[in-house]
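Report on the following structure.
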Amino acid sequence: AQTVTQSQPEMSVQEAETVTLSCTYDTSENNYYLFWYKQPPSRQMILVIRQEAYKQQNATENRFSVNFQKAAKSFSLKISDSQLGDTAMYFCAFMKRNTGNQFYFGTGTSLTVIP
Amino acid sequence: DSGVTQTPKHLITATGQRVTLRCSPRSGDLSVYWYQQSLDQGLQFLIQYYNGEERAKGNILERFSAQQFPDLHSELNLSSLELGDSALYFCASSVEFGGGSPLHFGNGTRLTVT
Chain A
39 AQTVTQSQPE
49 MSVQEAETVT
59 LSCTYDTSEN
69 NYYLFWYKQP
79 PSRQMILVIR
89 QEAYKQQNAT
99 ENRFSVNFQK
109 AAKSFSLKIS
119 DSQLGDTAMY
129 FCAFMKRNTG
139 NQFYFGTGTS
149 LTVIP
Chain B
9 DSGVTQTPKH
19 LITATGQRVT
29 LRCSPRSGDL
39 SVYWYQQSLD
49 QGLQFLIQYY
59 NGEERAKGNI
69 LERFSAQQFP
79 DLHSELNLSS
89 LELGDSALYF
99 CASSVEFGGG
109 SPLHFGNGTR
119 LTVT
């Protein structure tokens with residue numbers, strides 16, 4: 039079975055600063071996808087960013103970027119210029135290719151942006 | 009707006025009762041997933057359907073069942089409810105089977121069992 043580990047249950051960052059959330063995963067697969075989802079206090083689940091394992095280039099979405107280290111099985115999320123609206127729970131997720139889109143979620147990191 | 013619609017938004021019921029949660033996936037999405045999220049917990053995968061057929065089962069209790077209809081909407085039935093079933097239940101959908109499409113989540117149904 040695939041496992042996704044988020045070792046930081048809680049983090050905080052000052053507004054306008056940069057923060058990095060870590061995620062590691064365990065798999066024997068070579069083709070897979072990785073995602074970060076954000077869950078603000080409203081409890082809605084929002085896709086933040088997506089990475090394809092066969093692409094070496096790190097994905098970016100505005101202030102959000104990832105550091106994907108395939109050999110180390112690491113997939114960290116960097117949030118630049120943190121904003122109050124970034125306060126949320128962040129979930130890392132792993133999906134195997136060609137297996138019916140089964141997703142495996144980490145336990146989440148609660149991020150608080152401090153004004 | 010993700011395009012995934014879940015009803016009802018809130019549900020309060022008593023122990024021993026049965027409820028049905030409904031989900032309409034995004035237009036064009038064939039896969040539907042159900043997740044349970046208890047207070048301050050992560051997401052527990054319950055079950056997945058693709059184009060009307062069950063594709064994967066997670067930690068779904070025998071008291072729970074689901075189905076996906078020909079129009080692709082899905083229902084999650086929870087019976088003999090217990091206090092511990094109180095949680096936020098998410099439906100999510102994705103467009104393809106075996107590809108890298110992300111999950112798009114509905115806003116969830118908050119179930120409270122009293």
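If you read the sequences in order, they're chains A and B.
Residue numbers for the first sequence follow the working numbering, so the first one is 39 and each next one is one higher.
Residue numbers for the second sequence follow the working numbering, so the first one is 9 and each next one is one higher.
The beta carbon of each residue, even a glycine, is placed where N, CA and C say it ideally should be.
- When B:P33, B:V103 and B:Y97 are compared, the shortest CA-CA separation from B:T13 is found for B:P33.
- Two segments are said to touch when three or more pairs of C-beta atoms, one from each, lie closer than 8 Å; by this definition the segment 122-141 of chain A touches the segment 41-55 of chain A.
- Per DSSP, reduced to three states, the secondary structure at B:L86 is strand.
- Only residues of its own chain outside the window of five on either side were considered, and among them S32 have a CB closer than 6 Å to the CB of B:H81, listed in chain order.
- In this structure B:N67 is in contact with B:Q52, their Cβ atoms being roughly 5 Å apart against a cut-off of 8 Å.
- In the three-state DSSP reduction, B:L51 falls in the coil class, being neither helix nor strand.
- The beta carbons of A:S103 and A:T56 sit no closer together than 8 Å.
- Flagged as an interface residue toward chain A: B:F113, by a C-beta distance shorter than 8 Å.
- Only those residues of the segment 92-107 of chain B whose C-beta falls short of 8 Å from the nearest C-beta of chain A are listed: L96, F98, A100, S102, E104, F105, G106 and G107.
- Taking the Cβ atoms as the reference, B:L96 lies roughly 5 Å from B:G116, within the contact range of under 8 Å.
- Contact with chain A is found for B:A64, since one of that chain's Cβ atoms lies less than 8 Å from the residue's Cβ.
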